[in-house]
Amino acid sequence: MERRVGLALERAEPLVRRYGIPQALPASKMANSGGDYQTNATTQIDWGLTYIKSSYGSPCAAWASWNDRSPHWY
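Per UniProt numbering, the very first residue in the sequence shown carries number 1; after that it's consecutive.
Encoded structure:
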């Protein structure tokens with residue numbers, strides 16, 4: 001179950017509170033991309049793309065990695 005609060009998409013998981021468009025955990029990780037990470041969608045997307053590049057190399061590689069997993073996490 002999810003609910004949207006501004007740019008903060010909150011998942012109904014009692015122990016895990018991911019934040020924003022890229023679902024950062026903890027939310028403060030996004031501060032590296034800008035101090036306005038709590039209210040600025042561009043900052044959140046920039047952080048998410050930087051995370052994807054450092055973790056997978058490209059959005060296509062991230063998608064391929066997700067498709068290789070079963071069951072999928074989301």
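From the three backbone atoms N, C-alpha and C, an ideal C-beta is built for every residue, glycine too. Just so you know, these numbers come straight off a predicted model, no measurement behind them.
In the structure shown, the three-state DSSP call for Y37 is coil.
According to DSSP, A24 shares a beta bridge with Y19.
Of the residues assessed, G57 falls on the exposed side of the cut-off, its CB having fewer than 16 other CB atoms within 10 angstroms. Pairwise C-beta distances place the region 16-35 in contact with the region 44-63, as three or more of them are shorter than 8 Å.
If you ignore the 5 residues before and after A62, its C-beta comes within less than 8 Å of the C-beta of I52, S55, Y56, all in its own chain and listed in chain order.
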